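Chemist:
Numbering (this note's numbering), first residue to last: 487 to 887.
1) Does DSSP put residue 558 in a helix, in a strand, or in coil?
2) Which of the three DSSP states, helix, strand or coil, is assigned to residue 796?
3) Using the DSSP secondary-structure output, state which residues sit across from residue 872 in a beta bridge.
4) Below 8 Å, how does it come out for the segment 558-570 and the segment 728-743: are there three or more Cβ pairs, yes or no?
5) Just list the beta strand (DSSP E) runs in the segment 621-657, keeping only unbroken ones of 3 residues or longer that don't cross its boundaries, in chain order.
6) In this structure, what does DSSP give as the bridge partners for residue 777?
7) Under 8 Å between the Cβ atoms of residue 609 and residue 509?
8) For the beta strand (DSSP E) holding residue 500, just list the boundary residues, first then last.
9) Within 8 Å, do at least three Cβ pairs link the segment 624-631 to the segment 760-780?
10) Tell me whether residue 577 sits in a helix, a strand or coil according to DSSP, three-state version.
11) Please report the straight-line C-alpha distance between residue 694 and residue 733, rounded to a whole angstrom.
12) So, is residue 624 buried or exposed, given that buried needs 16 or more other C-beta atoms within 10 angstroms?
13) Going by DSSP in three states, residue 539 sits in which element: helix, strand or coil?
14) If you drop the 5 nearest sequence neighbours on each side, which residues of the same chain put their C-beta closer than 6 Å to that of residue 577?
15) Should the segment 827-838 be called in touch with the segment 755-768, which here means at least 3 C-beta pairs below 8 Å?
16) Alpha helix (DSSP H) containing residue 718: first to last residue?
17) Taking the beta carbon of residue 490 as the centre, do at least 16 other beta carbons fall within 10 Å, making it buried, or is it exposed?
18) Could you check where the beta strand (DSSP E) with residue 834 kicks off and where it finishes?
19) Distance, Cα to Cα, residue 585 vs residue 596?
20) Go ahead and pull the three-state DSSP assignment for residue 553.
21) What's the call for residue 515, buried or exposed, on a 16-neighbour Cβ count within 10 Å?
22) Using the Cα positions of residue 882 and residue 846, report the straight-line distance between them to the nearest angstrom.
23) Hey, residue 547 and residue 532 are a contact pair by Cβ (cut 8 Å); roughly how many whole angstroms apart?
24) Please state the DSSP three-state secondary structure of residue 820.
25) With burial defined as no fewer than 16 other Cβ atoms inside 10 Å of the residue's Cβ, what is the status of residue 590: buried or exposed?
26) I'd like to know if the segment 666-682 and the segment 718-732 are in contact, where contact means that at least 3 CB-CB pairs between them fall below 8 Å.
27) Closer than 8 Å is the cut-off here; do at least three beta carbon pairs connect the segment 864-882 with the segment 782-792?
28) Which of helix, strand or coil does DSSP assign to residue 809?
29) In terms of residue numbering, what span does the beta strand (DSSP E) encompassing residue 676 cover?
30) Using CA atoms only, rank isn't needed, just tell me which of 568, 752, 550, 536 is closest to residue 634.
31) Taking the straight line between their C-alpha atoms, what separation do you get for residue 822 and residue 599?
32) Could you round the C-beta distance between residue 524 and residue 612 to whole angstroms and report it? I think they count as a contact, below 8 Å.
33) Which value, in whole angstroms, describes the spacing of the CA atoms of residue 879 and residue 799?
34) According to DSSP, which residues form a beta bridge with residue 859?
35) Work out the CA separation of residue 677 and residue 843 for me, nearest whole Å.
36) Using 8 Å as the limit for Cβ to Cβ distance, is residue 797 near chain D?
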């Protein structure tokens with residue numbers, strides 16, 4: 487039988503942590519289905535052995551703790567279909583931008599965190615083929631959001647997201663080494679064929695027993711005896727056959743929401759602070775990039791081999807904007823805007839009807855001199871940056887209405 491993992495099975499669940507760095511329970515409602523490959527990686531930090539050795543080769547390095555982890559994946563942002571209800575994937579937007587304001591029956595707004603706001607951390611459970619990877623102390627660091635009207639795949643509204651995390655726990659697929667007679671004698675520890683397929687305090691399913699849909703929590707792993715011990719107060723009280731499958735637990739996979747297309751709505755530009763807007767009827771492609779530039783100081787003495795959640799450092803966020811536009815007479819205005827450093831205000835809509843639409847509001851855009859290209863038709867490539875106004879923390883706003 488072919489037991490190879492399928493690239494089609496990639497999904498995740500994500501929820502904000504109550505206490506930074508401490509995993510929270512995840513449910514089916516937290517599900518996000520990615521549109522491309524998930525990447526999750528946490529490497530061990532290494533210290534060079536500087537002792538003088540009588541060899542020209544390298545000797546083994548010291549490796550006692552872990553670097554900060556990195557994750558990334560693309561996903562659609564889908565409308566809920568109801569005014570005042572957060573979109574599917576809203577936890578990514580809240581983590582990235584910092585604030586989420588829900589106005590019942592009206593709209594949902596995502597704005598930038600203030601300098602005094604704490605960085606939000608998340609628990610994310612990834613299911614990738616045959617493995618589950620539970621990470622805690624995760625932050626959303628950057629996002630890329632194309633809005634295009636054409637036939638390309640990225641015309642469906644979504645983003646490419648990436649971030650950092652403090653600790654990962656992995657569960658592969660293995661088998662019981664001996665039957666469990668839990669109905670007679672409940673057990674809190676058991677033996678598997680190869681415990682190295684499990685790392686850290688992962689959540690697992692033992693045979694057909696998923697602990698009432700909650701999963702079992704690994705407390706310790708003895709790699710010498712291949713013994714897994716569960717969290718205190720957890721016991722397996724069911725019968726499971728020898729060689730029954732032991733694997734990572736996940737909530738149910740659910741899909742909801744409505745896809746939005748970048749074709750709908752008209753891009754608008756204001757050159758007088760928002761008093762009047764001019765429709766840009768020839769906009770081809772546009773995008774908003776968002777980078778928090780959060781870094782991590784891994785020198786905190788926390789008596790753990792994993793990075794400390796308090797090591798995150800806020801950076802200066804950057805919000806570039808790009809627009810590709812068929813060159814028409816009004817396009818010449820962009821050269822004046824670039825030469826004079828004019829402030830532009832841009833509304834970039836997507837989606838078609840109330841409850842299934844939204845827009846980016848860029849409050850202060852300054853652009854570089856546009857480039858032109860093309861044979862039969864000329865295209866202007868406009869690049870700029872979104873800046874704060876005097877009110878601060880308002881370079882961009884993402885609204886679903």
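Glycine included, each C-beta is placed from N, C-alpha and C at the ideal position. Fair warning: this is a prediction, and the values are worked out from it, not measured in the lab.
Modeler: Reading from the atomic positions:
1) strand
2) helix
3) 851
4) yes
5) 644-651, 653-657
6) 628, 804
7) yes
8) 496-502
9) yes
10) helix
11) 10 Å
12) buried
13) coil
14) 500
15) yes
16) From DSSP, residue 718 is part of no alpha helix (DSSP H); its letter is neither H nor E.
17) exposed
18) 830-837
19) 6 Å
20) coil
21) exposed
22) 7 Å
23) 4 Å
24) helix
25) exposed
26) yes
27) no
28) strand
29) 675-677
30) 752
31) 33 Å
32) 6 Å
33) 17 Å
34) 865
35) 52 Å
36) Note that chain D does not occur in the displayed structure, where there is just one protein chain.
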